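Residue numbers (the working numbering), protein chains in the order written: chain A, 9 to 369; chain B, 9 to 369. The structure appears right after this line, and notes come after that.
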């Protein structure tokens, strides 16, 4: 089966590593000449709005999927004329726009911070008056890893904030005094079958995911599955989707969804029976889903900016290196390590070893 | 790190799948345009004796390794002038010639069937008189998967047998009334550190490996490690090497060694902490070796001639498909399934499920 992937970054690369053993071939559309998925398939070097390249991809593959959601709606619509596209256009339309996303949560009865649509500084002033401070202002589209957002703590922060974020459509979100952040990764097949991975507990540094630890029998697993199940059903979603939540006293508040394989699910490569990457491909290809059960106790640590020396990373017992083959650059996700251990105590010790390596790199 | 691989078949393909996450890039030299490793790296489409292509490979990679041992000695010697080559020329020279191989076993005190060098029909007649029948005649080089060999049961089989196998140098081996076949896969680093995987119990059909089951605390593990350790030490070997044994009453007799990753070690992809493919690359690259410990109970079943329908293979619980992306052809190894289960009883049931699928394909 020939799979087209919009985007050729590390998610595309890991999709190809998971799909090749299933007999799949990959074609990536990516405007970056050094797209790191490129060695694992055919690389169409073109923009996401290049209709000739899109046409070429559509004609050479059996289906198209995405490694990121920030592609023009026209791209998805254009491709859909010629070839099956999963997840579908409507799922992408909603997931890539924070206003649509939050409105969906509200419609489905999923608790989420107070939010308001911001089309002008006047809208912002009114929203701040209603929601109060502190609050977080975010661009409706194109934000990721803490980019395209600004925390508003006091009235001075509000002045000119709309212009500061580029005078583009935004939302204002009430601040949630959360005790932790968790995410749930699920996969849903073409036939509606749905499987959930264990919740992972996430730690961010400067808005970028730093550490994900897969949980065991988390007390909020069932609640998270209920919320995510509503979203998947409503969107008639096909593929992997990740739902990020704020953990609050005794419950969850929805933060955002990502209609794709997700950084907080990278631990599943070694830590689950069937990884999020393989399960996404199984789902979009109409194949039976794989088990989302854990294998041992797992965690994932991101390498941001640079990857420590290979020999040091792999010398750590239970440690699996995933070097994305990307040029090092401050703030850039260039790799991760998965730890898979027999028990939680060992896992904790191994996390400390990897953290020490990162600190000394 | 840039790795050159002589051969671009499924072993090269699985090396690339294991090495890409370590940040390695792959170049394969293979005369077959449809070499199945080709989508995962640069494919130099040329013969193994093409000095221009060999030169090109040597200049573009950091080291060269092999996915099979039947390459001309001149190829290895030529490459060695320009780039590090692992395993070294001498290891390949011995492992690819049954006479040198068996002589090494004898020199190292490793029990092996009676054997004799056959350069003519007269040599054969004399050897049969000394060793007796039944016996197995094998070409000294280029034999694999039961090819290049003939079982001699009665005097009529002996007549003209030398010509029948192509009048090339052969050996005659005394028949061993074995109770089973086991293989031991080991990895040895540049610094001499050696690690052994658990013995796997192998079943062949028509000379081709059919099923490998990883053992738990096999009573002959220590003896097999002793024998293989002697070989690795003697050859100052670097990389993965597999040693196939006949299991006899209370002991082992050496059958043959393969100086590369081996079909009977494919279960390690999911079934061991670090696979034979990753460990081979770690060894040849001078990196620390990975753990050879088992993860659960594992087995590997080969798909020969054709791969059953993907949706049927992956619908089996605990089953991981490895489709090599090769054209189907009778007798050809085109894929395998790894099973990784929590206990031996479940493993046995799953093996039966995969076998039923193969039988009904």
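Note that the Cβ used here is the ideal one computed from N, Cα and C, for glycine as well. Fair warning: this is a prediction, and the values are worked out from it, not measured in the lab.
Quick one: which residues of the segment 330-352 of chain B get their C-beta closer than 7 Å to a C-beta of chain A? List them in chain order. The residues in question are 330, 331 and 333.
Which whole-angstrom value describes the C-beta separation of residue 77 (chain B) and residue 268 (chain B), a residue pair presumed to lie in contact below a C-beta threshold of 8 Å? In the second chain, the residue the question calls residue 77 (chain B) occupies position 69. In the second chain, the residue the question calls residue 268 (chain B) occupies position 260. 6 Å between Cβ atoms; contact.
Give every residue of the same chain whose Cβ lies closer than 8 Å to the Cβ of residue 27 (chain B), excluding the five residues on either side of it in the sequence, and list them in chain order. Taking the first residue of the second chain as position 1, residue 27 (chain B) is located at position 19. Contacts found: 11, 34, 285, 286 and 289.
By the three-class DSSP mapping on this structure, what secondary structure does residue 89 (chain B) have? In the second chain, residue 89 (chain B) corresponds to position 81, counting from 1. If DSSP states are grouped into helix, strand and coil, residue 89 (chain B) belongs with coil.
Status (buried if at least 16 other CB within 10 Å, exposed otherwise) for residue 81 (chain B): Position 73 of the second chain holds residue 81 (chain B). When all chains shown are included, residue 81 (chain B) counts as exposed.
Quick one: residues in its chain with C-beta nearer than 8 Å to the C-beta of residue 303 (chain B), no 5 flanking neighbours on either side, listed in chain order? On the second chain, residue 303 (chain B) is found 295 positions in, with the first residue counted as 1. Result list for residue 303 (chain B): 278, 279, 280, 281 and 348, in chain order.
Simplified DSSP state of residue 324 (chain A), which is helix, strand or coil: In the first chain, residue 324 (chain A) corresponds to position 316, counting from 1. In the structure shown, residue 324 (chain A) sits in coil (DSSP, three-state: anything other than H, G, I, E or B).
For residue 31 (chain A) and residue 47 (chain B), I'd like the C-alpha separation in whole angstroms. To locate residue 31 (chain A), count along the first chain from 1; it is residue 23. To locate residue 47 (chain B), count along the second chain from 1; it is residue 39. Approximately 11 Å between the Cα atoms of the pair.
With three or more C-beta pairs closer than 8 Å as the rule, is the segment 53-69 of chain A touching the segment 241-248 of chain A? Not touching, per the Cβ criterion.
Name the chain B residues whose beta carbon is nearer than 8 Å to that of residue 325 (chain A)? Within the first chain, residue 325 (chain A) is the residue found at index 317, counting from 1. Residues of chain B passing the Cβ test: 299.
Minimum Cβ-Cβ distance from residue 304 (chain A) to chain B less than 9 Å: Reading the first chain from its first residue, position 296 is the one you call residue 304 (chain A). Chain B has a Cβ within less than 9 Å of the Cβ of residue 304 (chain A).
With distances taken between CB atoms, is the gap from residue 250 (chain B) to residue 273 (chain B) smaller than 9 Å? The residue you call residue 250 (chain B) lines up with position 242 of the second chain. The residue you call residue 273 (chain B) lines up with position 265 of the second chain. Yes; because the gap between Cβ atoms is below 9 Å, this pair is in contact.
Is there contact here, the segment 350-368 of chain A with the segment 293-312 of chain A, by at least three beta-carbon pairs under 8 Å? In short, these stretches touch, since the Cβ pair count reaches three.
Could you work out which residue in B:311, B:88 and B:237 is closest to residue 117 (chain B) when comparing CA atoms only? As a working mapping, residue 117 (chain B) is identified with position 109 in the second chain. Checked all of B:311, B:88 and B:237; the closest Cα to residue 117 (chain B) is B:237.
Per DSSP, what are the beta-bridge partners of residue 312 (chain A) in this structure? Along the first chain, one-based indexing puts residue 312 (chain A) at 304. DSSP, once it has assigned bridges, lists A:341 as partnering residue 312 (chain A).
Is any non-hydrogen atom of the ligand PLP found closer than 8 Å to the C-beta of residue 338 (chain B), if you look at the structure I gave you? For the ligand PLP, the structure offers nothing, since it holds no ligand at all.
Out of B:69, B:57, B:119 and B:61, which one is the CA nearest neighbour of residue 257 (chain B)? Taking the first residue of the second chain as position 1, residue 257 (chain B) is located at position 249. With distances taken between Cα atoms, residue 257 (chain B) lies closest to B:119.
Any chain B beta carbon closer than 9 Å to residue 179 (chain A): Numbered from its first residue, the first chain carries residue 179 (chain A) at position 171. No - not a single Cβ of chain B is within 9 Å of the one on residue 179 (chain A).
Could you check the C-alpha separation between residue 87 (chain B) and residue 93 (chain B) for me, to the nearest Å? As a position in the second chain, residue 87 (chain B) is number 79, starting the count at 1. As a position in the second chain, residue 93 (chain B) is number 85, starting the count at 1. Using only the alpha carbons, I get a separation of about 7 Å.
Does chain B have any CB closer than 9 Å to the CB of residue 139 (chain A)? As a working note, residue 139 (chain A) is residue 131 in the first chain. Taking Cβ atoms only, chain B never reaches closer than 9 Å to residue 139 (chain A), which makes this a no.
According to a CB-to-CB cut-off of less than 7 Å, which residues of the segment 30-53 of chain A neighbour chain B? 30, 31, 33, 47, 48 and 49
Rounded to whole angstroms, what's the CA-CA distance from residue 314 (chain A) to residue 339 (chain A)? Just pull it up for me. In the first chain, residue 314 (chain A) corresponds to position 306, counting from 1. In the first chain, residue 339 (chain A) corresponds to position 331, counting from 1. The alpha-carbon atoms of residue 314 (chain A) and residue 339 (chain A) are separated by roughly 9 Å.
Residue from B:343, B:149, B:219 and B:181 whose Cα sits closest to the Cα of residue 100 (chain B): Residue 100 (chain B) sits at position 92 when you count from the first residue of the second chain. Checked all of B:343, B:149, B:219 and B:181; the closest Cα to residue 100 (chain B) is B:149.
Using a cut-off of 7 Å between C-beta atoms, extract the partners of residue 206 (chain B) located in chain A. Walking along the second chain from the start, residue 206 (chain B) turns up at place 198. Under the 7 Å cutoff, chain A gives no residues; its nearest Cβ is about 17 Å from residue 206 (chain B).
How should residue 368 (chain B) be labelled, buried or exposed, when 16 other C-beta atoms within 10 angstroms of its C-beta is the threshold for buried? By one-based count along the second chain, residue 368 (chain B) stands at place 360. By the neighbour-count rule (16 or more Cβ atoms within 10 Å), residue 368 (chain B) is not buried but exposed.
What's the C-alpha gap between residue 296 (chain B) and residue 123 (chain A)? Position 288 of the second chain, counting from 1, holds the residue named residue 296 (chain B). Position 115 of the first chain, counting from 1, holds the residue named residue 123 (chain A). Between residue 296 (chain B) and residue 123 (chain A), the C-alpha separation is close to 51 Å.
Just the C-alpha distance for residue 342 (chain A) and residue 271 (chain A), rounded to the nearest angstrom, thanks. Walking along the first chain from the start, residue 342 (chain A) turns up at place 334. Walking along the first chain from the start, residue 271 (chain A) turns up at place 263. Looking at the two C-alpha atoms, the distance is approximately 12 Å.
Which of helix, strand or coil DSSP assigns to residue 113 (chain A): Locating residue 113 (chain A) in the first chain gives position 105, where the first residue counts as 1. In this structure, residue 113 (chain A) counts as helix in the three-state DSSP scheme.
Return the bridge partner residues of residue 238 (chain B) from the DSSP annotation. Mapped onto the second chain, residue 238 (chain B) falls at position 230. Answer is none; residue 238 (chain B) lacks a bridge partner.
Integer Cβ distance of residue 192 (chain A) from residue 232 (chain A), believed to fall under 8 Å: Start at 1 with the first residue of the first chain, and residue 192 (chain A) comes out as number 184. Start at 1 with the first residue of the first chain, and residue 232 (chain A) comes out as number 224. For a cut-off of 8 Å, the C-beta gap from residue 192 (chain A) to residue 232 (chain A) is around 4 Å, short enough to register as a contact.
Segment limits, alpha helix (DSSP H) that includes residue 132 (chain A): The residue given as residue 132 (chain A) occupies position 124 in the first chain. From DSSP, the alpha helix (DSSP H) with residue 132 (chain A) extends over 129-139.
Cα-Cα separation between residue 230 (chain A) and residue 208 (chain A), rounded to whole angstroms: Taking the first chain and counting its residues from 1, one reaches residue 230 (chain A) at position 222. Taking the first chain and counting its residues from 1, one reaches residue 208 (chain A) at position 200. Straight-line Cα distance between these residues: approximately 13 Å.
Residues of the segment 312-323 of chain B in Cβ contact with chain E at a cutoff of 8 Å, in chain order, please. Among the protein chains of the structure shown, namely A and B, there is no chain E.
When the Cα atoms are used, what is the spatial distance from residue 204 (chain B) to residue 155 (chain A)? In the second chain, counting from the first residue as 1, residue 204 (chain B) sits at position 196. In the first chain, counting from the first residue as 1, residue 155 (chain A) sits at position 147. The C-alpha of residue 204 (chain B) lies about 48 Å from the C-alpha of residue 155 (chain A).
Measuring only the C-alpha atoms, how far is residue 344 (chain B) from residue 309 (chain B)? Counting from one through the second chain, the residue named residue 344 (chain B) turns up at place 336. Counting from one through the second chain, the residue named residue 309 (chain B) turns up at place 301. Taking the straight line joining both Cα atoms gives about 5 Å.
According to DSSP, residues forming a beta bridge with residue 120 (chain B): For the purposes of this step, residue 120 (chain B) is identified with residue 112 of the second chain, where counting begins at 1. Its beta-bridge partners do not exist; DSSP assigns none.
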